[in-house]
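These notes concern the structure reproduced below.
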Amino acid sequence: MDFKEIKELIRVFDKSELNKLKVKEGEFEVSMQKGFETGTVVTTAAPIAAPAPATTQAAPVPAVVPGESATTIAGDTINSPMVGTYYEAPSPEAPAFVKKGDTVKKGQTLCILEAMKIMNEVEAEFDCKIIDVLIENGKPVEYDMPLFAVEKL
1 MDFKEIKELI RVFDKSELNK LKVKEGEFEV SMQKGFETGT VVTTAAPIAA
51 PAPATTQAAP VPAVVPGESA TTIAGDTINS PMVGTYYEAP SPEAPAFVKK
101 GDTVKKGQTL CILEAMKIMN EVEAEFDCKI IDVLIENGKP VEYDMPLFAV
151 EKL
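Residue 54 in full-length UniProt numbering sits at position 54 of the sequence shown, with consecutive numbering throughout.
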(Lines of atoms letter the chains of each structure in order from A and count residues from 1; the text may use other names and numbers.)
(Lines give C-alpha, C1' and ligand atoms only; values in the text may rest on other atoms or scores of the structure.)
Protein backbone atom coordinates (compact mmCIF):
# COMPACT_ATOMS: atom_id res chain seq x y z
CA MET A 1 0.00 0.00 0.00
CA ASP A 2 1.54 3.32 -1.01
CA PHE A 3 1.18 6.78 0.54
CA LYS A 4 -1.48 7.89 -1.98
CA GLU A 5 -3.66 4.87 -1.16
CA ILE A 6 -3.27 5.52 2.57
CA LYS A 7 -4.28 9.18 2.16
CA GLU A 8 -7.36 8.12 0.17
CA LEU A 9 -8.24 5.51 2.81
CA ILE A 10 -8.02 8.17 5.54
CA ARG A 11 -10.18 10.57 3.51
CA VAL A 12 -12.87 7.94 2.92
CA PHE A 13 -12.76 6.78 6.55
CA ASP A 14 -13.06 10.36 7.82
CA LYS A 15 -16.23 10.92 5.77
CA SER A 16 -17.76 7.55 6.72
CA GLU A 17 -19.87 6.73 9.79
CA LEU A 18 -17.38 4.06 10.87
CA ASN A 19 -15.62 4.59 14.22
CA LYS A 20 -12.86 2.04 13.76
CA LEU A 21 -11.09 0.47 10.75
CA LYS A 22 -8.20 -1.97 10.46
CA VAL A 23 -6.65 -2.94 7.10
CA LYS A 24 -3.97 -5.62 6.63
CA GLU A 25 -2.11 -6.14 3.38
CA GLY A 26 0.77 -8.62 3.63
CA GLU A 27 3.05 -7.40 6.41
CA PHE A 28 1.58 -3.89 6.32
CA GLU A 29 -1.18 -2.87 8.71
CA VAL A 30 -3.13 0.39 9.12
CA SER A 31 -5.53 1.01 12.03
CA MET A 32 -7.77 4.05 12.32
CA GLN A 33 -10.13 5.11 15.07
CA LYS A 34 -12.24 8.21 15.38
CA GLY A 35 -12.20 10.00 18.72
CA PHE A 36 -15.63 10.22 20.32
CA GLU A 37 -15.23 13.80 21.48
CA THR A 38 -13.36 15.44 18.61
CA GLY A 39 -14.19 13.32 15.58
CA THR A 40 -10.53 13.19 14.60
CA VAL A 41 -8.90 10.22 12.92
CA VAL A 42 -6.05 8.44 14.67
CA THR A 43 -3.83 6.36 12.40
CA THR A 44 -0.99 3.97 13.05
CA ALA A 45 1.04 1.83 10.70
CA ALA A 46 3.43 -0.95 11.65
CA PRO A 47 4.67 -4.23 10.20
CA ILE A 48 2.83 -7.21 11.64
CA ALA A 49 5.87 -9.46 11.92
CA ALA A 50 8.02 -7.05 13.95
CA PRO A 51 7.13 -6.33 17.61
CA ALA A 52 6.69 -2.65 18.39
CA PRO A 53 9.92 -1.24 19.85
CA ALA A 54 7.98 0.87 22.35
CA THR A 55 6.64 -2.19 24.16
CA THR A 56 9.79 -4.18 24.87
CA GLN A 57 13.24 -3.27 26.01
CA ALA A 58 16.20 -5.49 26.83
CA ALA A 59 18.38 -2.83 28.46
CA PRO A 60 17.71 -1.58 32.01
CA VAL A 61 15.00 1.08 32.03
CA PRO A 62 14.63 3.72 34.72
CA ALA A 63 11.11 4.06 36.15
CA VAL A 64 10.36 7.24 38.08
CA VAL A 65 7.24 7.70 40.17
CA PRO A 66 6.65 11.27 41.36
CA GLY A 67 7.83 11.65 44.93
CA GLU A 68 9.99 8.52 44.83
CA SER A 69 13.58 7.95 43.85
CA ALA A 70 14.44 6.40 40.49
CA THR A 71 14.79 2.64 40.32
CA THR A 72 16.41 0.46 37.69
CA ILE A 73 14.60 -2.44 36.09
CA ALA A 74 16.82 -5.20 34.75
CA GLY A 75 15.51 -7.38 31.94
CA ASP A 76 12.57 -7.03 29.60
CA THR A 77 9.65 -4.69 30.15
CA ILE A 78 6.31 -4.02 28.53
CA ASN A 79 5.95 -0.27 28.18
CA SER A 80 2.99 2.05 27.76
CA PRO A 81 2.19 2.70 24.09
CA MET A 82 0.49 6.00 25.01
CA VAL A 83 -0.15 8.61 27.68
CA GLY A 84 -3.18 7.76 29.80
CA THR A 85 -4.51 6.28 33.02
CA TYR A 86 -3.61 2.68 33.92
CA TYR A 87 -6.36 0.24 34.92
CA GLU A 88 -5.54 -3.34 35.93
CA ALA A 89 -9.08 -4.67 35.39
CA PRO A 90 -12.08 -4.10 33.08
CA SER A 91 -14.14 -2.78 36.03
CA PRO A 92 -13.54 -1.92 39.69
CA GLU A 93 -15.20 -5.18 40.83
CA ALA A 94 -13.43 -7.46 38.33
CA PRO A 95 -10.14 -9.25 39.00
CA ALA A 96 -6.95 -7.85 37.45
CA PHE A 97 -6.14 -8.99 33.90
CA VAL A 98 -2.70 -10.17 35.13
CA LYS A 99 -0.79 -10.25 38.39
CA LYS A 100 2.77 -10.94 39.49
CA GLY A 101 3.77 -14.51 38.61
CA ASP A 102 1.19 -14.99 35.83
CA THR A 103 2.23 -16.54 32.51
CA VAL A 104 0.66 -14.78 29.52
CA LYS A 105 0.37 -15.61 25.83
CA LYS A 106 0.97 -13.26 22.91
CA GLY A 107 -2.19 -11.20 22.32
CA GLN A 108 -3.53 -11.63 25.87
CA THR A 109 -4.86 -8.43 27.46
CA LEU A 110 -2.56 -7.11 30.19
CA CYS A 111 -4.32 -3.89 31.21
CA ILE A 112 -6.41 -0.97 29.99
CA LEU A 113 -5.09 2.53 29.33
CA GLU A 114 -7.72 5.26 29.29
CA ALA A 115 -6.91 8.15 26.97
CA MET A 116 -9.44 10.85 26.08
CA LYS A 117 -12.33 8.78 27.53
CA ILE A 118 -11.41 5.83 25.28
CA MET A 119 -10.44 2.53 26.90
CA ASN A 120 -7.47 0.98 25.06
CA GLU A 121 -6.47 -2.61 25.80
CA VAL A 122 -2.72 -3.28 26.03
CA GLU A 123 -1.89 -6.76 24.76
CA ALA A 124 1.23 -8.89 25.22
CA GLU A 125 3.50 -8.72 22.15
CA PHE A 126 5.06 -12.10 23.04
CA ASP A 127 4.66 -15.04 25.43
CA CYS A 128 6.06 -14.06 28.83
CA LYS A 129 5.89 -14.36 32.61
CA ILE A 130 4.94 -11.28 34.64
CA ILE A 131 7.81 -10.67 37.06
CA ASP A 132 6.32 -7.48 38.53
CA VAL A 133 3.54 -4.94 37.95
CA LEU A 134 5.32 -1.58 38.00
CA ILE A 135 2.34 0.80 38.22
CA GLU A 136 -0.57 1.16 40.64
CA ASN A 137 -4.18 0.93 39.49
CA GLY A 138 -5.67 4.32 38.53
CA LYS A 139 -2.30 6.07 38.22
CA PRO A 140 -1.32 8.20 35.19
CA VAL A 141 1.30 6.81 32.80
CA GLU A 142 3.54 8.45 30.24
CA TYR A 143 4.43 7.24 26.76
CA ASP A 144 7.05 4.44 26.87
CA MET A 145 6.81 4.17 30.69
CA PRO A 146 7.46 0.59 31.91
CA LEU A 147 4.22 -1.08 33.06
CA PHE A 148 5.38 -4.67 33.60
CA ALA A 149 8.73 -6.34 34.23
CA VAL A 150 8.60 -9.61 32.28
CA GLU A 151 10.60 -12.66 31.37
CA LYS A 152 10.22 -13.77 27.75
CA LEU A 153 9.26 -17.41 27.27
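All residues carry an ideal CB built from backbone N, CA and C; glycine is no exception. Quantities reported herein were computed from a predicted structural model and do not represent experimental measurements.
1. Output yes or no for whether 8 Å exceeds the beta carbon distance between Ile130 and Asp102.
2. Please state whether the Cβ-Cβ distance between Leu113 and Gly138 is less than 8 Å.
3. Look up Gly75 in the DSSP assignment and give the residues it is bridged to.
4. For Lys106, which of helix, strand or coil comes out of DSSP?
5. State the Cα-Cα distance for the pair residue 160 and Arg11, rounded to the nearest angstrom.
6. Just tell me which of Glu151, Lys7 and Phe126 has its CA closest to the CA of Thr109.
In this structure, then:
1. yes
2. no
3. Looking at the DSSP assignment, Gly75 forms no beta bridge with any residue, so it has no partner.
4. coil
5. Any property of residue 160 remains undetermined from this structure, which presents the chain solely from 1 to 153.
6. Phe126
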